[in-house]
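Numbering (the working numbering), first residue to last: 6 to 130. Ideal Cβ positions, reconstructed from N, Cα and C, are used throughout, including at glycine.
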């Protein structure tokens, strides 16, 4: 589920956290897509993306798992110290990309998302 605002994310998340059919919820906080290139403006996000996509293959046929991609904004918006994603009470994002398993609060930050073994283990069943 791709979301581009905090309100949209929190609304979707609220309904899913109470759904008994959902056992795991993952969120990838990453930089927005640069309209000039069609890719994320963040080099760490670009490097992590193929590893995360590969790891998600483990969960391909799982109806009980939800995966969010949350774009935190363009480079200027992310650089702003008041960016709303930097101040989330339970999922404070300090760097990009950040992967969070919502129910356990397990996380991989920035360059950890570029280590294949860590990413595969993060999504392991």
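Compute the beta-carbon to beta-carbon distance between residue i and residue j, rounded to the nearest angstrom, for a pair I have assumed lies under 8 Å.
i	j	result
residue 32	residue 75	6 Å
residue 104	residue 113	4 Å
residue 111	residue 127	7 Å
Only counting the same chain, and skipping five residues up and downstream in sequence, which positions put a Cβ closer than 8 Å to that of residue i?
i	result
residue 6	17, 71, 72, 73 and 74
residue 45	35, 36, 37, 38, 39, 51 and 54
residue 22	30, 107 and 108
residue 91	97, 98 and 99
residue 69	26, 27, 28 and 29
Answer yes or no: do residue i and residue j have a C-beta to C-beta separation smaller than 8 Å?
i	j	result
residue 98	residue 30	no
residue 89	residue 35	no
Taking 7 Å as the limit between beta carbons, can you name the residues of its chain near residue i, skipping five residues before and five after?
i	result
residue 52	119
By a C-beta neighbour count over all protein chains shown, 10 Å radius and 16 as the cutoff for buried, is residue i buried or exposed?
i	result
residue 48	exposed
residue 60	buried
What does the alpha-carbon distance come out to for the pair residue i and residue j?
i	j	result
residue 96	residue 122	23 Å
residue 28	residue 64	12 Å
residue 58	residue 13	23 Å
residue 204	residue 93	A question about residue 204 goes unanswered here, because the residues of the chain that appear run from 6 up to 130.
residue 9	residue 42	18 Å
residue 62	residue 56	10 Å
Considering only residues of the same chain and omitting the five flanking positions on each side of residue i, which have a CB-CB separation below 6 Å?
i	result
residue 80	46
residue 117	123
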